[in-house]
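**Student:** Going by the numbering used here, the letters in the sequence shown line up with residues 486 to 1693, in that order. The beta-carbon is built from N, C-alpha and C at its ideal position, and this holds for glycine as well. Since this is a predicted model, take the numbers as computed values, not measurements.
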Amino acid sequence: MATAELSESEPTPASAAARAERRVQQAGALASLLGALSSLRLTVALFAATIFLVFMGTLAQVDHDVWYVVNHGYFRVWFAHFEWQAFARLIEMFTKAEPQPITGGFLFPGGKLIGTLMAVNLLTAHAVRFKATARGWPLRLGLGVLAIGVAATAGVVISGMDDALESQLSPTMCTLLWHGLRASLAGLALAGAFWSVHNFDKTPRAEWWLATIADAVVLALAAWLFANPEAKIDDAGLRILWQLTKGAAAGAILLWGCWLVFHKRAGIVLLHAGVALLMAGELVTGLTADEAQMRIAEGETVNYAYDIRSTELAVVERLSGAENGERDRVTVVPEWMLAKAAQSEEPITHPDLPFAVRVVRFDKNSVLGGVTADVAGTAANPATAGAGLTVGSTPVGSASGVGDGAGINLPSAYIELIDNESGESLGVRLVSASFYKLPAGGEVGLTDQTVETTAGPRELALRFVRHYKPYSLTLTDFRFDRYVGTNTPKNYSSDVVLDDPQRGVDREVKIWMNNPLRYRGDTYYQSGFDNATERATVLQVVSNTGWMIPYVACMLLMLGMLAHFGLTLARFVRRRQERLAREEAKASADRGASGWLAPGAWRRPEVWFPLLMAVVWGGYLAGKARPPADPPGAMRLVTAGALPVVDGGRVKPLDTLARNTLQILSGRQVVKSDRGDTPATEWLLDAATGSDNLKTHRVFRIEHPEVLQMLGLESRPGSFRYTYGEVTQNRDELSRQVQLADQLPEAERSLVQVRTLQLATKLSLYHRTLNAFGSPQIGMDPESIRTDVAAARSQAAALARAGAPRVAPSSDKPGEWLTLFEAELTDLFNRVQRRQGDPITAHWSALLGAYARDDATRFNTELAELQLALNDYIEASDGAGAELAAAERLRPDKLVFETRFNAFSPFYYCAVTYLVAFLLTTLSWLGWSRPLGRAATAVVAVTLIVHTLALVGRIYISGRPPVTNLYSSAVFIAWAAVVFGLAFEAIHKMGIGTVLSSLLGFTSLLVAYFLSLDGDTFTVLQAVLDTQFWLATHVVCITLGYAATFVAGAIGAVYLVAGHALGVFDKQQRNQVIAMAYGTLCFAIFFSFVGTVLGGLWADDSWGRFWGWDPKENGALIIVLWNALVLHARWGKMVGPTGLAMLMVGGNIVTTWSWFGVNELGVGLHAYGGFSNTTSSWILAFAVSQLALAALGVAPFDKLRLKRRFAS
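Structural data, given as structure tokens:
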């Protein structure tokens, strides 16, 4: 029997060709898909979508709780629902008009979808475009190093999951870290000095000077740290530094591996790896992190935390013998189930519940109030049993924003309980997580309610969800320290005993601001306290195993950016060296006759005129800096201005108090009259002594005509200032109008009422300040003594509560100060009891008495005696005030310096000279270009020196890094912008750097001037902000990011106006301007990105949330995204030079929104003061101006004669 083997037929040439063609088509389709997914166009589109999403999510926080926005509305959802109401809130911000409620909205890609697409875009881009350039053993070595780096990174991240007890590093470790930091800085400075010496003749002068100046700064910093060991970073800062050092070590290994594999692209690969790790960290946090709070009263032991974002209905069965260690049986019904049952009207049943729960009504957010029994069982109050018979729930809108003032949702529910066995209704009861106000003050919540069922009694409570721990914390002591004379928290801390029987742990631990406790995967942060008793602490409890991921990602980002942009800068310098070498060779024939040091050079205008301008305007600033002196034989009022007073939580000179008070009252720091200017200190002494001069001191600025009409005053255009007697001549009507305005909600007040309340605030400040320097009036007859003493004590207490200025340090309590009124009252009691009086109080009283009598000799004598008494106090209290903040310490030398600093007003006069430099620059465009242009640069350089010294002066006065509030940020941005501009001028020598320096320096200092009108610019910091490390890193970096983005925007504006619209630049100059803009943009994204991530690390270290989607955080994120969008659009050749300039001008709007705009929303942890008509109007005007500048890029100037005329 024959058999045959079946076999496949041989393929024909035609079928093979068809399959090959299909494979080619499939490969082409795959390549097209990968090309689309990895394209920079998609990257830019995703950046734009993210910016819009974050912006809308910020606006939504005006109407919604932040957790709704994050988890349900915008960021952690696939599709976001944008509400039209959010746009109305933006309009409201600028108009301050309450809009009509708007319903509806539209869908937009949510955070999950955009994040997923970004991850796909990033991964495919590296798969398609980032090819390994190494081959052979270098590739194998590089991959091995990368594997080690990945393992090191994983090890650093896993180290954060350690269950060991950790709060602070050991003292030995802190000491080693500090010495290592100083040694590293010194080594870097010495290496830089060696480079400067070795490359003096090998590097172009501009680059050499820039590098040498930078090295000099590092050298000076290292020398200062070694010369001032007391300036050591605190242990909390060193702990953060150690975590960042571990991340940097892993990042350095990865960077080495990337360099071996990818060479020049190593930096951007590592940068993208950091971005990917940061996104992974956010994903891990969103999926696994858990936040709660733990409230512990002193002496109380707690083993659970509660989640304030969600509630549960707890049904508790008290088991017999529970007091002997047995646990209660608790059955909980989650909040979502209650809300769902209220809609479906279906009862909730469960085998562990002895009754069914029918939800009659569920209020997502509510307030409680008293009700009468006659409305029980009605729609207004459905309750028929329990607490609901006397207390009712009123639904209110959902909480919005984030932070202490934003509040949280406090739900209530009316529930009917139906017994499982009998089927009978047990009544409708009110359960609530909210509170009701007591008639005597304070708030209280509903107590647990007992319900009798056939299965036994059960206790009911609607409470926050609880998370029980296998260990407990006992609060032994809670401490809340305030800055002297204020309610501003300086520090609050909790001493707890950690008890974990399972692991044999029983030890005392201290938790305070920015110093958390980490144990068994939980981190405890000092969050707050019980305001009513101040004897209970509130701890933020966070369970987040991936908390170290952002620390590592931050260092990967920073190292990647430094490597990538460092190579870019090196390439720019190398090309510029080559170009300069060619130009120098070409001009070598006549170079010797044109140098600055050549014979006869000083006779050329471009040499002597800049020097003349530098001397003239440097002399102008030096003259303004000359400290004032007291005239011989007259009262030493200048010296008296340095006397210490405590106001706003810090020790400041009397001169500062007077200037700030006068600034708030009148908008000036002097009192102008026909007799001349009265200094602030003299005005304050006039007011404190009731001088007749007060009758002529016009210090109250009132501009609104209706307010003037109410007071019966005539308008004084140009001054708008009035005396105290004029303002109070119609006191009764003013009081009536203040009461009417005060009764209205803030949003419903008219502009007249707002101005009336502002005037009342000024009068209150005036009275508070003057009364603090008053004397208690005690009668001599026995009948009035008791009444007068009681009234005096009441007034002293009221002044203390109001934060009135204090001048007399307490001899009993180091660091405590008294108003002169209270000090004289205490001194009176001491004299009655035959005790020794306080010499400081006595000399203060005598000094004011001598001033009132115009007795210059006695005044000067008492002043000298007062200074001696203060010195004696300092010597006696030396070491006794170890817990005082730097701002609370009495330092006479610092007070004298601050007085002279006030008299100089350096930033005001620096603004004047920056304006002069800008005028010189504009004149140089009309003719005599080189002398005027160089003169402008010289004036800017001299002004920058003074500006820098003034910044150092502020650091000395405050004892803080340069940026601590909005005012100081404006001053610092001005300084940074001038530095950027001069650096560009030194490199490019086009005059643009001088224009940028002078214009941005002047405008930023002008902004700072208007910010200073609110009063003292040296404000004390609240406990959560009181950290030198984060102020010196995050705040400085983010402010440098602001400055660099503004500079880039200004360069873009110059290009649009001069290059595009007027055509005054040739091709080479346009290329130089774009190179200048690109370099600035690189600096901007570096500082803004690193600063933003450092801010997240600060937030994580303060309350356990790296990214909380707070409006200010979102503003910083938008700046980063915008700068990234501009760079990627440039790299992808989606925009040319003009388009790049337009986008950079748009960066000005983005930065202004983050700097000021988000504050105007009035929500969030960083809402520094919203609802300012003036600020929002200026923001809108600035945004419109920038849009108009950007619009120049699309205007057809090539068709206009204007451009050809300017070009010719």
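Hey, how far is the Cα of A1078 from the Cα of G1478?
**Tutor:** With a pLDDT of 47 at A1078, under the threshold of 50, the predicted position of this residue should be treated as unreliable, though the coordinate-derived value follows. Distance between the alpha carbons of A1078 and G1478: 27 Å.
**Student:** Taking T1174 and Y1336 to be in contact with their CB atoms under 8 Å, please state how far apart those CB atoms are, rounded to whole angstroms.
**Tutor:** Confirmed, about 5 Å.
**Student:** How is L1369 classed by DSSP in three states: helix, strand or coil?
**Tutor:** In the structure shown, L1369 sits in coil (DSSP, three-state: anything other than H, G, I, E or B).
**Student:** Quick one: using the 10 Å Cβ neighbour count with 16 as the cut-off for buried, is H1182 buried or exposed?
**Tutor:** When all chains shown are included, H1182 counts as buried.
**Student:** If you compare alpha carbons, which of L1525, F593, T932 is closest to V876?
**Tutor:** Checking every option, the nearest Cα to that of V876 belongs to T932.
**Student:** Taking 8 Å as the CB-CB cut-off, is P1447 touching chain C?
**Tutor:** The chain inventory of the structure shown lacks chain C, comprising one protein chain alone.
**Student:** Round the Cβ separation of Q778 and S1012 to the nearest angstrom and send it over; I've been treating them as touching at under 8 Å.
**Tutor:** Between S1012 and Q778 the Cβ distance is about 7 Å, and since that is below 8 Å, they are a contact.
**Student:** Do the segment 1558 to 1578 and the segment 986 to 1001 make contact, defined as three or more Cβ pairs closer than 8 Å?
**Tutor:** Flag = no, the segment 1558 to 1578 and the segment 986 to 1001 do not touch.
**Student:** Under DSSP, the alpha helix (DSSP H) around I738 begins and ends at which residues?
**Tutor:** Start and end: 720 to 747.
**Student:** Measure the Cβ-Cβ separation of M1098 and S644 and say whether it is below 8 Å.
**Tutor:** No, the Cβ-Cβ distance between M1098 and S644 is not below 8 Å.
**Student:** Which residues in the same chain have their Cβ closer than 6 Å to the Cβ of A696, if we skip the five residues on either side of it in sequence?
**Tutor:** Same-chain partners within the cutoff: there are none.
**Student:** Can the beta-carbon of V469 be found less than 8 Å from the beta-carbon of W1594?
**Tutor:** Not covered by the structure: residue 469. The range shown for the chain is 486 to 1693.
**Student:** Below 7 Å CB to CB, which residues in the same chain sit around E767 once its five sequence neighbours on both sides are set aside?
**Tutor:** W1592, listed in sequence order.
**Student:** Does the segment 1118 to 1136 touch the segment 1160 to 1170, meaning 3 or more C-beta pairs lie closer than 8 Å?
**Tutor:** With a cut-off of 8 Å, the segment 1118 to 1136 and the segment 1160 to 1170 count as touching, because enough Cβ pairs lie within range.
**Student:** For A1283 and L1248, I'd like the C-alpha separation in whole angstroms.
**Tutor:** Looking at the two C-alpha atoms, the distance is approximately 16 Å.
**Student:** Between G1655 and L1506, what straight-line distance do the alpha-carbon atoms span, to the nearest angstrom?
**Tutor:** Low confidence applies to G1655: its pLDDT is 45, below 50, so where it sits in the model is not reliable enough to give any reading.
**Student:** Give the range of the beta strand (DSSP E) segment to which S957 is assigned.
**Tutor:** That run of the beta strand (DSSP E) goes 941 to 967.
**Student:** Could you check the C-alpha separation between A1680 and F1667 for me, to the nearest Å?
**Tutor:** For A1680 and F1667, the distance between alpha carbons rounds to 20 Å.
**Student:** Using a Cβ-Cβ cutoff of less than 7 Å, which residues in the same chain neighbour G1581 once the five nearest sequence positions on both sides are dropped?
**Tutor:** Only P1035, F1591, W1592 meet the Cβ criterion.
**Student:** Please go through the same chain and pick out, in chain order, the residues whose beta-carbon is closer than 7 Å to the beta-carbon of T460, but skip the five residues on each side of it.
**Tutor:** In the structure as shown, the chain begins at 486 and stops at 1693. Residue 460 is therefore absent and cannot be evaluated.
**Student:** Would you give the residue range spanned by the alpha helix (DSSP H) that D1586 belongs to?
**Tutor:** First-last of the alpha helix (DSSP H) with D1586: 1552 to 1588.
**Student:** If you draw a straight line from the alpha carbon of F920 to that of G871, how long is it in whole angstroms?
**Tutor:** In a straight line, the C-alpha of F920 is about 16 Å away from that of G871.
**Student:** Go ahead and label A501 buried or exposed: buried means 16 or more other beta carbons lie within 10 angstroms of its beta carbon, across all protein chains shown.
**Tutor:** So A501 ends up on the exposed side.
**Student:** So, with DSSP's three-state summary, where would you put A1680?
**Tutor:** Coil at A1680, not helix or strand.
**Student:** In the DSSP assignment, the beta strand (DSSP E) including N976 goes from what residue to what residue?
**Tutor:** Per DSSP, N976 belongs to the beta strand (DSSP E) from 974 to 985.
**Student:** Skipping 5 residues on each side, what residues in its chain have a beta carbon closer than 7 Å to that of K1109?
**Tutor:** F1389, Y1394.
**Student:** Assign H557 to one of three DSSP states: helix, strand, or coil.
**Tutor:** H557: helix per DSSP, three-state reduction.
**Student:** Pull the bridge partners of G855 from the DSSP assignment, please.
**Tutor:** Per DSSP, V876.
**Student:** For the alpha helix (DSSP H) holding N788, just list the boundary residues, first then last.
**Tutor:** From DSSP, N788 is part of no alpha helix (DSSP H) but of the beta strand (DSSP E) over 786 to 802.
**Student:** Taking buried to mean at least 16 other C-beta atoms within 10 Å of its own C-beta, is R1271 buried or exposed?
**Tutor:** With fewer than 16 other Cβ atoms within 10 Å, it is exposed.
**Student:** Check the DSSP bridge columns for A501 and list the partner residues they point to.
**Tutor:** Answer is none; A501 lacks a bridge partner.
**Student:** Using a threshold of 8 Å, state whether the C-beta atoms of D980 and T1008 are closer than that.
**Tutor:** Contact flag unset, no.
**Student:** Could you please give me the residues that DSSP links to R1733 through a beta bridge?
**Tutor:** With the chain covering 486 to 1693 only, the question about residue 1733 has no answer from this structure.
**Student:** Which residues does DSSP pair with Y921 in a beta bridge?
**Tutor:** DSSP output for Y921 lists V929 as bridge partner(s).
**Student:** Assuming N788 and Y953 form a contact by the criterion Cβ under 8 Å, report the distance between their Cβ atoms to the nearest whole angstrom.
**Tutor:** Indeed they touch by this definition, with Cβ atoms about 6 Å apart.
**Student:** Rounded to whole angstroms, what is the Cα-Cα separation between T543 and N1599?
**Tutor:** If I take the Cα positions, the gap works out to 7 Å.
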